[in-house]
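Worksheet: the structure to be examined is printed underneath.
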Ligand code: FES
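Residue numbers (the numbering used here): 406 to 502.
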């Protein structure tokens, strides 16, 4: 198993007019991502995270450790993010981090 993982915000902000990732469907999107990763053989865990600090731009995800953020993520972004995770994993193997 790789130490690389995909963090997904599942925070729910309950204030009136406050956008949040859970309110935008992040939990449902996690299940879609997990299923797609299985289908394409991408062995990277999808980890729930309580707020990644970009609430107004959610659904927010980040490749960890230390990878890029993704905002306003939808199902349409799965292939692009999967590709980035593969590249990121390779770079971690090369640098040994
Ligand atoms: S609610 Fe998702 S980044 Fe804060």
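Positions of the beta carbon are idealized from the N, C-alpha and C atoms, including for glycine.
Integer Cβ distance of residue 478 from residue 434, believed to fall under 8 Å:
Looking up residue 478 in the chain shown gives position 73. Looking up residue 434 in the chain shown gives position 29. Between residue 478 and residue 434 a beta carbon distance of about 7 Å is seen, short of the 8 Å cut, so the two are scored as contacting.
Taking Cβ to Cβ, would you say residue 474 is nearer than 8 Å to residue 409?
For the purposes of this step, residue 474 is identified with residue 69 of the chain shown, where counting begins at 1. For the purposes of this step, residue 409 is identified with residue 4 of the chain shown, where counting begins at 1. Cβ distance not < 8 Å, so residue 474 and residue 409 don't count as in contact.
What I want to know is whether the C-beta of residue 479 ends up closer than 7 Å to one or more non-hydrogen atoms of ligand 1.
Counting from one through the chain shown, the residue named residue 479 turns up at place 74. The answer is no for residue 479.
Give the C-beta separation of residue 489 and residue 468 to the nearest angstrom, bearing in mind that I take them to be a contact with Cβ-Cβ under 8 Å.
Position 84 of the chain shown, counted from the first residue, corresponds to residue 489. Position 63 of the chain shown, counted from the first residue, corresponds to residue 468. Indeed they touch by this definition, with Cβ atoms about 7 Å apart.
So who's on the other strand from residue 474, going by DSSP bridges?
On the chain shown, position 69 is the one that residue 474 refers to. The partner list for residue 474 (beta bridge, DSSP) reads 467.
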